[in-house]
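Encoded as structure tokens, the structure appears first; notes follow it.
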Amino acid sequence: MRIVQVPLGQRSYSIKVGGGLLARLGADCARLKLGRRCAVITDSNVGRHYAKAALKSLAAAGFQPVLITVPAGEKSKCLSVVEKCCDQLAKHRLERKSFIVALGGGVVGDLAGFVAATYLRGIPFVQVPTTLLAQVDSSVGGKTGVNLKAGKNLVGAFYQPQLVLCDLDTLKTLPRREYVSGLAEVIKYGVIYDAALFARLERDLPKLLRRETASLAAVIARCCEIKAEVVGQDETESGVRAILNFGHTIGHAIENSSGYGKFLHGEAIAIGQVAAAKLSQQILGLPAGEVERIEQLFVRAGLPVKIKLGSALRKKLFAAMLLDKKVSDGEVKFVLAEKIGRVRFGCKVGMAAVNGVI
Ligand code: NAD
Ligand code: GLY
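Residue numbering for the sequence shown follows my numbering, beginning at 64 and increasing consecutively.
What follows is the structure in structure tokens.
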């Protein structure tokens, strides 16, 4: 097992990466000195596979867990589901020392984290991410929240978990499309921070596509280390944390304008990262050979790198980009790469240049 620390003073916590961790959930929670009552929040797909093991492990360690299952999918990331979860917590008399276990992908993690942040003005929570995307990204760093009709993640809180358990065994049941989508975030870490990781991904991609445990453990732990370092420097995204949004300005606009669900998050940000690499070539002189390497890695992973845009969809996409949280004073700011492994954030890019790369 590998352990990564997230250095946030009193809010510091560990991320454990390895096999068989779900069976040790109860023992790990016992070390955190929390109350006996807890709620496992999961979704209908994940619950089917893993709720029993989570409840068993918690009960064996002396906890009294209740299970809250929400429908699988992005639609559960909304205020009405937050209310339903809180009603359940109140019904089962969870109190200030009680805790929540978020068992699932990014949807469950964001939702359950937000419930934990707000119920009784905040109770502890533990992340047990079960998608590749959640293991390398959403479970770490404390962004929690839900969507409004007006857009994604518009209501939320920075609220750090007490512990993150990335059980690699849970990835075995993840549908291939979801797994490959998570690889887009993995590749992002190589581009923004670590040229050696990028080279390793180029070399080990076949092993990762086969979900080989040793490769996965090393790569997931490295991604978590990078995220921990970045979040440790800038917890609330007033500066450097923005680099984690490489490819996301266009990616979020693609998700939003094409109707959520058509593109998975990783698919949309793969297209966004390739577009951002092309902008980087024009604006920061990223060498053409590196743009090609970035594009090729996404292609080899089985991710899309282009989107077909009719004029109506193109218009919608640009309107969505201007609604992004990263827009200030009407200007869209991009994260652009100087070279693989080093990026700059806050780069103002004109709409004509963006239009030229998608
Ligand atoms: P998800 O949570 O919807 O999971 C994808 C699908 O896989 C779901 O149908 C789920 O039920 C299923 N699933 C999950 N784990 C499984 C497993 N082990 N076996 C079988 N099926 C499994 O999607 P996601 O890609 O994990 O997360 C996307 C969400 O994460 C979005 O809402 C996005 O906004 C959010 N996000 C948050 C952050 C953050 O920093 N908080 C970062 C990136 C993304
Ligand atoms: N996923 C981007 C962040 O956590 O900041």
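Where is the CB? At the ideal position from N, CA and C, for every residue including glycine.
Contact defined as beta carbons within less than 8 Å: I believe R363 pairs with L268. What is the distance between those atoms, to the nearest angstrom?
Yes, R363 and L268 are in contact; Cβ-Cβ is about 6 Å, under 8 Å.
What separation, rounded to the nearest whole angstrom, lies between the Cα atoms of I186 and P224?
10 Å
Decide if D163 is buried, meaning its Cβ has at least 16 other Cβ atoms within 10 Å, or exposed.
It is worth fixing the name first, because residue 163 is Ile in this sequence and not Asp. It counts as buried.
Anyone know if the C-beta pair for G404 and A258 falls short of 8 Å?
yes
With burial defined as no fewer than 16 other Cβ atoms inside 10 Å of the residue's Cβ, what is the status of E275: buried or exposed?
exposed
Could you spell out where the alpha helix (DSSP H) holding S320 opens and where it closes?
311 to 320
Mapping the DSSP letters down to three states, classify S139 as helix, strand or coil.
helix
For a test of the three-state rule: what should DSSP assign to V189, helix, strand or coil?
strand
Answer yes or no: do K79 and L279 have a C-beta to C-beta separation smaller than 8 Å?
no
What would DSSP say about L327, mapped onto helix, strand or coil?
coil
Where G219 and V209 are concerned, what is the direct C-alpha to C-alpha distance, given to the nearest angstrom?
6 Å
Can you check the segment 225 to 311 for any beta strand (DSSP E) of at least 3 residues that lies completely inside it and give the ranges in chain order?
Fully enclosed beta strand (DSSP E) runs of 3 or longer: 226 to 230.
Between which residues of its own chain and F221 is the CB-CB distance below 6 Å, once the five residues before and five after are set aside?
G205, T299
For a quick check, are the C-beta atoms of Q190 and A165 less than 8 Å apart?
yes
Given 8 Å as the limit, is there contact between the segment 235 to 253 and the segment 340 to 348, that is, 3 or more CB pairs closer than that?
no
Would you report the Cα separation of R100 and L85, rounded to the nearest angstrom?
18 Å
Counting C-beta neighbours from all protein chains within 10 Å, is the total for P192 16 or more, i.e. buried, or is it exposed?
So P192 counts as buried.
Heavy atom of the ligand GLY less than 7 Å from the Cβ of D200, yes or no?
yes
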